[in-house]
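Number of protein chains: 2
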Amino acid sequence: MEHSYRFADRMRRAPESFLGTLFAVSRDPEILSFAGGLPGSRFIDTEGIARAAEEVLEHEGQEALQYSTTDGYRPLREYIAERYRKRLGLPATPENIQIVNGSQQCLDLVAKIFVNPGDGIGMESPGYLGAIEAFSLYEPVFHGVPLGEEGPDPERFAAVIRDARPGLFYAIPNSQNPSGATYSTESRRMVAETIEESDTIFYEDDAFGELFFDHRPRPPVSALIPEQSVLSGSFSKTVAPGMRIGWIYGPEPVIGQFNVAKQAADLHSNHLCQMVLSRYLAGHDLDAHIRRVSDAYAGQCSVMCDEIDDLLPPGVSHTRPQGGMFLVARLPPEISASRVFEEGIREKVAVLPGTPFFVDGGGDDLIRLNFSSPTEEEIKEGMRRLARVFRRLGGS
Amino acid sequence: MEHSYRFADRMRRAPESFLGTLFAVSRDPEILSFAGGLPGSRFIDTEGIARAAEEVLEHEGQEALQYSTTDGYRPLREYIAERYRKRLGLPATPENIQIVNGSQQCLDLVAKIFVNPGDGIGMESPGYLGAIEAFSLYEPVFHGVPLGEEGPDPERFAAVIRDARPGLFYAIPNSQNPSGATYSTESRRMVAETIEESDTIFYEDDAFGELFFDHRPRPPVSALIPEQSVLSGSFSKTVAPGMRIGWIYGPEPVIGQFNVAKQAADLHSNHLCQMVLSRYLAGHDLDAHIRRVSDAYAGQCSVMCDEIDDLLPPGVSHTRPQGGMFLVARLPPEISASRVFEEGIREKVAVLPGTPFFVDGGGDDLIRLNFSSPTEEEIKEGMRRLARVFRRLGGS
Chain A
0 MEHSYRFADR MRRAPESFLG TLFAVSRDPE ILSFAGGLPG SRFIDTEGIA
50 RAAEEVLEHE GQEALQYSTT DGYRPLREYI AERYRKRLGL PATPENIQIV
100 NGSQQCLDLV AKIFVNPGDG IGMESPGYLG AIEAFSLYEP VFHGVPLGEE
150 GPDPERFAAV IRDARPGLFY AIPNSQNPSG ATYSTESRRM VAETIEESDT
200 IFYEDDAFGE LFFDHRPRPP VSALIPEQSV LSGSFSKTVA PGMRIGWIYG
250 PEPVIGQFNV AKQAADLHSN HLCQMVLSRY LAGHDLDAHI RRVSDAYAGQ
300 CSVMCDEIDD LLPPGVSHTR PQGGMFLVAR LPPEISASRV FEEGIREKVA
350 VLPGTPFFVD GGGDDLIRLN FSSPTEEEIK EGMRRLARVF RRLGGS
Chain B
0 MEHSYRFADR MRRAPESFLG TLFAVSRDPE ILSFAGGLPG SRFIDTEGIA
50 RAAEEVLEHE GQEALQYSTT DGYRPLREYI AERYRKRLGL PATPENIQIV
100 NGSQQCLDLV AKIFVNPGDG IGMESPGYLG AIEAFSLYEP VFHGVPLGEE
150 GPDPERFAAV IRDARPGLFY AIPNSQNPSG ATYSTESRRM VAETIEESDT
200 IFYEDDAFGE LFFDHRPRPP VSALIPEQSV LSGSFSKTVA PGMRIGWIYG
250 PEPVIGQFNV AKQAADLHSN HLCQMVLSRY LAGHDLDAHI RRVSDAYAGQ
300 CSVMCDEIDD LLPPGVSHTR PQGGMFLVAR LPPEISASRV FEEGIREKVA
350 VLPGTPFFVD GGGDDLIRLN FSSPTEEEIK EGMRRLARVF RRLGGS
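Laid out in structure tokens, this is it:
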């Protein structure tokens, strides 16, 4: 007889997951995948990281392989703080920074410290599906605000902050996932001013802020409202995701609670990779590396945009990212994203339907396309396959 | 003006943390620490791990540094499953196993999938403080069951399971932290039979089951109630804690929900360390390594027991562990554990008071002593310092 399990109520809130399917799809070698969210493997400096690992294990092996503190390896936090000071002018210190297992863990822990069941969480619409998955288990009420190419709709944003009083508003102002949108300076100011009149915490996820094609940093919203914001970052897109090293930066009372939650969650992030990464960064010019990566992504994005314009039906429009790894294409009314996904798999090209990015329904008129993982040649071939899909589905 | 933050209600449930203090204390080079929970650094095979890291980064670097799947690196899960089959006779497959960031993460995620606010959680008393910290944030009602040297008090155990109907009962049947107690065969049977008549899930934390001084495995309680249990394990005590690699083993419906929670929490555990560990294990005789470690710990434990008997007042009694890393000493009524802690720091010896191990008060008559991290010489010197503390506090 099968045992009947009493799972916690929160588990019923878990959205149907796409991430697992996606990772699986991105491992089928015959499928050209625009569906995943992987940085290009060819841009990972495995040799440099191998040398750093060798040095750490030779000179500091016992320390690297032993338990450590919850806040994270201090030289790594110093590096992050200094980079924030130089690059973005933030008054960051190591005390304001905690290391996590990739910035996905910030989503879990920030929700854990701020969100009671039934509390509001504001999000961009479309919004990052990993955030929707993490937040859902805290049983919030989601409030979506439509996201345009310049930022969230100001009136809807103000209405959500004022009327729903969400504990958090979660956003990716730089090269958003999935849309690729980057907030304008005016939009950043609007967001900060609206937040400042509320007691909402602005949760700024900056996974892509280093990857602008013009190499110019954009000023974080957090800088305008330092007491009412947290800012998360990650080495997954700039160095390597497989080490799972991200961080959170925020005001000390918040970081204090975050530390309590992190310690309860897993004591500390893996110490070996923190030390390897720290040594790697000390011996390498990260700016030069990022410049190479973002130049390549700029080229890949440009090819993808051109191929959509040239090969897909005229009813398909798309965003034009200034950086990052993703864009979205909007489909003509007669074609649904889920059909494009299904037919795409048959044609050996994978795209991600927009539906999992919406907390309030919709999204079947959008597909998310990743341009960081495939090469330019793969983008061209994938787009040819996608064109066949659209022809079969009758796009005009 | 300081911003006033609206933290979630669950954060008020966080117990005052000792772990942070402890890690700090264990880094002051002048203090001889029996307070921490570190495996002996001298038993970490840094050279072997360095070679494995070199090989992985040379031959599979791009894969190791890229995103991966939530369940964990399959060859590592196969290794764990095979070891369970051979060593404990469990019908384990990789599908029943998920990799986590050290088994502390299982505490968080198992509570996440099973515990609603107000649900009961049963625990040994004293119980593992890291579990109390993790579970507390799920706002449970704790039910402590007194733990003797042979296992939990049978009547109290039955009463808690029957009357409180906790969703989980959490236990460490092998060389428990803090007490060092190991359940007898009879106690294991009693626990399984009582659980079987309930719908409680038995959460068996087996962090120390490889470290028996007689090298004999003890049969897990989980084997008797496979549908109603989860079993967690860790490489932190056998190979190296700094890689943060542990796992959970359980029935498929539970593992499915666990996977959802793990993905939301941090996508996956660090892939580089999973691959390094897997390669290390493939090329090394883990049994031989563990035999060396547990022989050393047996010697250190024996020295510690002898020194307590010889140097501390006769009113001090202590457990006699069969394995693991900890024992507890019970103090005479006139001496409080918190005073021993405070005076110990002045005398440059650190012990851990019993209070944080109790969900229902008490514990100031106990101290936990770690014998895995210090050498035999350090144990002797530390015990001399501790004897001075007791003399000053007037122990007779």
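So the protein sequences, as listed, match chains A and B. For the first sequence, numbering that gives the first Met the number 0 assigns the number 0 to the initial residue and increments by one for each residue that follows. For the second sequence, numbering that gives the first Met the number 0 assigns the number 0 to the initial residue and increments by one for each residue that follows. Beta carbons: idealized from backbone N, C-alpha and C, even for Gly. Please read these numbers as outputs of a predicted model, since none were measured by experiment.
Collapsed DSSP secondary structure at Arg315 of chain A in the structure displayed: Here residue 315 of chain A refers to the residue found at position 316 of the first sequence. The question names Arg, yet the displayed sequence has Val at residue 315 of chain A. Reduced to three states, the DSSP call for Val315 of chain A is coil.
Mind pulling the chain A residues with CB within less than 7 angstroms of His270 of chain B? Residue numbering aside, residue 270 of chain B sits at position 271 when the second sequence is read from its first letter. Result: Gly241.
I want to see whether chain B comes within less than 7 angstroms of Asp265 of chain A, judged by CB atoms only; does it? Numbered from 1 along the first sequence, position 266 holds the residue referred to as residue 265 of chain A. Asp265 of chain A counts as touching chain B.
With distances taken from CA atoms, which of A:Pro145, A:Ala158, A:Asp118 is nearest Ala170 of chain A? One-based indexing of the first sequence puts residue 170 of chain A at position 171. Comparing Cα-Cα distances from Ala170 of chain A to each of A:Pro145, A:Ala158, A:Asp118, the minimum goes to A:Pro145.
Does any residue of chain A bring its CB to less than 7 angstroms from the CB of Tyr182 of chain B? In the second sequence, counting from the first residue as 1, residue 182 of chain B sits at position 183. So no, Tyr182 of chain B is outside the interface.
Tell me the rounded alpha-carbon separation between Asn269 of chain B and Ile247 of chain B. Indexing the second sequence from 1 puts residue 269 of chain B at position 270. Indexing the second sequence from 1 puts residue 247 of chain B at position 248. Straight-line Cα distance between these residues: approximately 16 angstroms.
Counting C-beta neighbours from all protein chains within 10 Å, is the total for Arg215 of chain B 16 or more, i.e. buried, or is it exposed? By 1-based counting over the second sequence, the position of residue 215 of chain B is 216. That one is exposed.
Inspect the beta-carbon positions of Thr354 of chain A and Gly362 of chain A and report whether they are closer than 7 angstroms. One-based indexing of the first sequence puts residue 354 of chain A at position 355. One-based indexing of the first sequence puts residue 362 of chain A at position 363. For Thr354 of chain A and Gly362 of chain A, yes; Cβs fall inside 7 angstroms.
Would you mind telling me which residues of chain A sit closer than 7 angstroms to Pro252 of chain B, beta carbon to beta carbon, in chain order? Here residue 252 of chain B refers to the residue found at position 253 when the second sequence is read from its first residue. The contacting residues are Tyr4.
Cβ atoms of Leu210 of chain B and Gly322 of chain B: under 7 angstroms apart, would you say? Along the second sequence, one-based indexing puts residue 322 of chain B at 323. Along the second sequence, one-based indexing puts residue 210 of chain B at 211. Yes, the Cβ-Cβ distance between Gly322 of chain B and Leu210 of chain B is below 7 angstroms.
Does Ile224 of chain B come out as helix, strand or coil in the three-state DSSP assignment? Along the second sequence, read from residue 1 onward, the residue named residue 224 of chain B stands at position 225. In this structure, Ile224 of chain B counts as coil in the three-state DSSP scheme.
With a threshold of 16 other CB atoms inside 10 Å of the CB of Ala281 of chain A, please say whether the residue is buried or exposed. Counted from its first residue, the first sequence places residue 281 of chain A at position 282. Exposed is the call here.
Measure how close the beta-carbons of Phe207 of chain A and Leu167 of chain A come, nearest whole angstrom, since I'm counting them as under 8 angstroms. Taking the first residue of the first sequence as position 1, residue 207 of chain A is located at position 208. Taking the first residue of the first sequence as position 1, residue 167 of chain A is located at position 168. Phe207 of chain A to Leu167 of chain A, Cβ: 20 angstroms. No contact.
Please look up how many angstroms separate the CB atoms of Cys105 of chain A and Ser231 of chain A, rounded, as I've assumed it's under 8 angstroms. Residue mapping note: residue 105 of chain A aligns to position 106 of the first sequence, counting from 1. Residue mapping note: residue 231 of chain A aligns to position 232 of the first sequence, counting from 1. Yes, Cys105 of chain A and Ser231 of chain A are in contact; Cβ-Cβ is about 4 angstroms, under 8 angstroms.
So, Glu346 of chain A versus Arg290 of chain A, is the Cβ gap smaller than 7 angstroms? For the purposes of this step, residue 346 of chain A is identified with residue 347 of the first sequence, where counting begins at 1. For the purposes of this step, residue 290 of chain A is identified with residue 291 of the first sequence, where counting begins at 1. No, the Cβ-Cβ distance between Glu346 of chain A and Arg290 of chain A is not below 7 angstroms.
For Ser174 of chain A, the nearest candidate out of A:Gly147, A:Ile200, A:Ser197, A:Arg188 (CA to CA): Translated into the one-based positions of the first sequence, residue 174 of chain A becomes position 175. Out of A:Gly147, A:Ile200, A:Ser197, A:Arg188, A:Gly147 has the C-alpha closest to the C-alpha of Ser174 of chain A.
Helix, strand or coil for Ile98 of chain A, going by three-state DSSP, please let me know. For the purposes of this step, residue 98 of chain A is taken as residue 99 along the first sequence, with counting starting at 1. Strand.
Do the CB positions of Glu306 of chain A and Met189 of chain A come within less than 7 angstroms of each other? The residue labelled residue 306 of chain A in the question sits at position 307 within the first sequence. The residue labelled residue 189 of chain A in the question sits at position 190 within the first sequence. Contact: no.
Which residues in the same chain as Ala163 of chain B place their Cβ atom closer than 8 angstroms to its Cβ, once the five residues preceding and following it in sequence are excluded? Looking up residue 163 of chain B in the second sequence gives position 164. Hits under 8 angstroms: Gly119, Gly121, Val140, His142.
Determine the burial state of Lys111 of chain B: buried for a count of at least 16 other Cβ atoms within 10 Å of its Cβ, exposed for fewer. Mapped onto the second sequence, residue 111 of chain B falls at position 112. Burial check for Lys111 of chain B: the Cβ neighbour count within 10 Å reaches 16 or more, so the residue is buried.
List in chain order: all unbroken alpha helix (DSSP H) runs of 4+ residues lying wholly within the region 54-124 of chain A. 60-63, 73-87, 103-113
Does the CB of Ser372 of chain A have a neighbour CB from chain B at under 7 angstroms? In the first sequence, residue 372 of chain A corresponds to position 373, counting from 1. Not a single C-beta of chain B is nearer than 7 angstroms to the C-beta of Ser372 of chain A.
Taking only the alpha-carbon atoms, compute the straight-line gap between Thr199 of chain B and Arg5 of chain A and give it to the nearest angstrom. For the purposes of this step, residue 199 of chain B is taken as residue 200 along the second sequence, with counting starting at 1. For the purposes of this step, residue 5 of chain A is taken as residue 6 along the first sequence, with counting starting at 1. So the alpha carbons of these two residues sit roughly 9 angstroms apart.
Where in the region 216-287 of chain B do unbroken runs of the beta strand (DSSP E), each at least 3 residues long, occur, reported from the N-terminal end onward? Complete beta strand (DSSP E) runs here, min 3: 228-233, 245-248.
Please classify Ala328 of chain B as buried or exposed, where buried requires at least 16 neighbouring CB atoms within 10 angstroms. As a working mapping, residue 328 of chain B is identified with position 329 in the second sequence. So Ala328 of chain B counts as buried.
Under 7 angstroms, do Ser371 of chain B and Met324 of chain B count as touching if we go by C-beta distance? Taking the first residue of the second sequence as 1, we reach residue 371 of chain B at position 372. Taking the first residue of the second sequence as 1, we reach residue 324 of chain B at position 325. In this structure, Met324 of chain B lies closer than 7 angstroms to Ser371 of chain B by Cβ.
Roughly how far, in whole angstroms, is the beta-carbon of Val229 of chain A from the beta-carbon of Val253 of chain A, given that I think they are within contact range, below 8 angstroms? On the first sequence, residue 229 of chain A is found 230 positions in, with the first residue counted as 1. On the first sequence, residue 253 of chain A is found 254 positions in, with the first residue counted as 1. Rounded, the Cβ-Cβ distance is 6 angstroms, consistent with contact.
Can you check which of these residues, B:Ile378, B:Leu326, B:Arg387, B:Glu376, is closest to Ser399 of chain B by C-alpha distance? Residue 399 of chain B falls outside the range modelled here, since chain B spans only 0 to 395, and no answer is possible.
Can you check whether the C-beta of Ser166 of chain A is within less than 7 angstroms of a C-beta belonging to chain B? Locating residue 166 of chain A in the first sequence gives position 167, where the first residue counts as 1. According to the sequence shown, residue 166 of chain A is Gly rather than Ser. At least one beta carbon of chain B lies nearer than 7 angstroms to the beta carbon of Gly166 of chain A.
Ala206 of chain B: first and last residue of the uninterrupted alpha helix (DSSP H) it sits in: By 1-based counting over the second sequence, the position of residue 206 of chain B is 207. From DSSP, Ala206 of chain B is part of no alpha helix (DSSP H); its letter is neither H nor E.
Suppose contacts are defined by Cβ-Cβ distances below 7 angstroms. Is Gly241 of chain A in contact with Ala63 of chain B by that definition? Taking the first residue of the first sequence as position 1, residue 241 of chain A is located at position 242. Taking the first residue of the second sequence as position 1, residue 63 of chain B is located at position 64. In contact: Gly241 of chain A and Ala63 of chain B (Cβ atoms closer than 7 angstroms).
Rounded to whole angstroms, what is the Cα-Cα separation between Val259 of chain B and Ser316 of chain B? Within the second sequence, residue 259 of chain B is the residue found at index 260, counting from 1. Within the second sequence, residue 316 of chain B is the residue found at index 317, counting from 1. Their Cα atoms are separated by approximately 46 angstroms.
Span separating the alpha-carbon of Arg9 of chain A from that of Ala133 of chain A: As a working mapping, residue 9 of chain A is identified with position 10 in the first sequence. As a working mapping, residue 133 of chain A is identified with position 134 in the first sequence. For Arg9 of chain A and Ala133 of chain A, the distance between alpha carbons rounds to 11 angstroms.
Residue interval of the alpha helix (DSSP H) (run including Phe340 of chain A): For the purposes of this step, residue 340 of chain A is taken as the residue at position 341 of the first sequence. It spans 336-345 - the alpha helix (DSSP H) in which Phe340 of chain A sits, taken as one unbroken run.
Range covered by the beta strand (DSSP E) that runs through Ala7 of chain B: The sequence position of residue 7 of chain B within the second sequence is 8, counting from 1. Ala7 of chain B -> no beta strand (DSSP E), and no H or E assigned at all.
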